[in-house]
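Undergrad: Counting from 1 along the sequence shown, just add 2 to a position and that's the residue number in UniProt numbering.
Just so you know, even glycine gets a beta-carbon here, dropped at the ideal spot from N, CA and C.
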Amino acid sequence: EMAIRYRGVSKVYPDGTTAVDNLDLDVPSGSLTVFVGPSGCGKTTSLRMLNRMVDPTSGVVEVNGQDVSSIPAAQLRRSMGYVMQQSGLLPHKTVEDNIATVPRLNGVSKKESRANARELLGSVGLDESLATRYPAQLSGGQQQRVGVARALAADPPVLLMDEPFSAVDPVVRQDLQHELLDLQKRLHRTIIFVTHDIDEAILLGNRVAVFARGGRLAQYATPEELLRA
Ligand code: ADP
Ligand code: ADP
Numbered sequence: 003e004m005a006i007r008y009r010g011v012s013k014v015y016p017d018g019t020t021a022v023d024n025l026d027l028d029v030p031s032g033s034l035t036v037f038v039g040p041s042g043c044g045k046t047t048s049l050r051m052l053n054r055m056v057d058p059t060s061g062v063v064e065v066n067g068q069d070v071s072s073i074p075a076a077q078l079r080r081s082m083g084y085v086m087q088q089s090g091l092l093p094h095k096t097v098e099d100n101i102a103t104v105p106r107l108n109g110v111s112k113k114e115s116r117a118n119a120r121e122l123l124g125s126v127g128l129d130e131s132l133a134t135r136y137p138a139q140l141s142g143g144q145q146q147r148v149g150v151a152r153a154l155a156a157d158p159p160v161l162l163m164d165e166p167f168s169a170v171d172p173v174v175r176q177d178l179q180h181e182l183l184d185l186q187k188r189l190h191r192t193i194i195f196v197t198h199d200i201d202e203a204i205l206l207g208n209r210v211a212v213f214a215r216g217g218r219l220a221q222y223a224t225p226e227e228l229l230r231a
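1) With DSSP run on the structure shown, which of helix, strand or coil describes Ala151?
2) For a test of the three-state rule: what should DSSP assign to Asp201, helix, strand or coil?
3) By DSSP's criteria, Ser12 is part of a beta bridge. Which residues make up the other side?
4) For Ile73, name the three-state secondary structure that DSSP assigns.
5) Taking the CB atoms as reference points, tell me whether residue 2 and Arg7 lie closer together than 8 Å.
6) Just to confirm my understanding: we take Leu189, look at its own chain, exclude 5 residues before and 5 after, and list those with CB closer than 8 Å. What are they?
7) What do you get for Glu165, buried or exposed, if any count of 16 or more other CB atoms within 10 angstroms of its CB means buried?
8) Select from Val173, Arg152, Arg215, Arg9 the residue whose C-alpha is nearest the C-alpha of Asp69.
9) By Cβ distance, which residues of its chain are closer than 6 Å to Ser31, with the 5 residues on each side in sequence left out?
10) Going by DSSP, name the residue or residues bridged to Pro30.
11) Does the beta carbon of Gly216 fall short of 7 Å from some heavy atom of ligand 1?
12) Where does the unbroken beta strand (DSSP E) through Lys220 begin, and where does it stop?
13) Would DSSP call Arg106 helix, strand or coil?
14) Which of the three DSSP states is assigned to Gln176 in this structure?
15) For ligand 1, is there a heavy atom less than 7 Å away from the beta-carbon of Ala21?
16) If you pair each beta-carbon of the segment 172-184 with each one of the segment 211-227, do three or more pairs fall below 8 Å?
17) In three-state terms, what does DSSP make of Asp99?
18) Pull up the distance between the alpha-carbon of Thr134 and that of Glu98, whole angstroms please.
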C-alpha cells in the first residue's frame, strides 16, 4: 500500500527555475523514505508539495490515495507533522504548550493535551521536568527533540522532516538519528526525511530517493542496493 505518490510532478518557480522535473515516486505506508542529494536539487520543494506549502506546476501528488490539490492546505498541514532544521518552537510558549499547539487547535482539552505532551517528551528522550521550560532554556538538541515531539502530537499518519538534525553538533546528531530509528520501530509512521548527507540517508532510510541537479530523480533504492552499487 502506497502512502504517497508523485505522478509526473514538476515545479517551475515564477523566476523560471525548474526545481523538480517530472518526478514519479511511490512511497510505501509505514516506511522511512529519505530524499537525498546536493543542495538545490529539489528535495525541499518535493517535500513541500506534500502539504501544499508549494503547489506543483504540473502532475499529481497523492497522500493516502487523495489528490492533495483537493484538500484545503490548512487541513493538510494540520494532518502532517513537519520538522525543520530550526525547531520553529514558539518562544513565548512553554515546551508542553508548544507540543500541545496542534491538538489544542483540534479541540483537545488543555489538561489532556498537556498530559499527552509530557508523555511525548519521554518518547523523544527528554525528561518530563522540561515541560514547563521555555525554548530558550533548552539546548539546540533538546529543542529539536521538542520539535519532533510537537510534530508527533497530533498523531499524524505522515511526518515530514527537512534536515531536522543538520543544525546540531555531530555527537547530538547521532543520538537524534538513533532515537528516530527507535521511534520508527515503535510507531511505523510514513516519514519523509530530507538530507544532503548520504551517510545519514543510508543509516535512516528504508528507501532512499537520490535527487540530482535539475530536480530529477536519479535513483530510488534500498540502502543495501545503494551500498552494493
Ligand atoms: P533542495 O531542498 O534540494 O536544496 P530546493 O527544493 O530548496 O532544493 O530548491 C530547488 C531549486 O529551486 C533551487 O535551485 C532553488 O534555488 C530553487 N528555489 C527554491 N525555492 C524557490 C523559490 N521560492 N523561488 C525560486 N526558486 C526557488
Ligand atoms: P531550505 O532549502 O531549507 O528550504 P533555503 O535557505 O534554501 O532553505 O530556502 C529558504 C526559503 O527561501 C524557502 O522558502 C525557499 O522556498 C526560498 N528560496 C530558496 N531558494 C530560492 C530562490 N532561488 N529564490 C527565491 N526563493 C528561494
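TA: In this structure, then:
1) helix
2) helix
3) Ser60
4) Of the three classes helix, strand and coil, the one that applies to Ile73 here is coil, per DSSP.
5) No answer is possible for residue 2: it lies beyond the span of the chain, which begins at 3 and ends at 231.
6) Leu154
7) buried
8) Arg9
9) Glu3, Ala5, Thr192
10) Met4
11) Flag unset: Cβ of Gly216 not near ligand 1.
12) The sequence shown places Ala at residue 220, not Lys. Its beta strand (DSSP E) spans residues 218-223.
13) helix
14) Here Gln176 sits in helix by DSSP.
15) yes
16) Not touching, per the Cβ criterion.
17) helix
18) 6 Å
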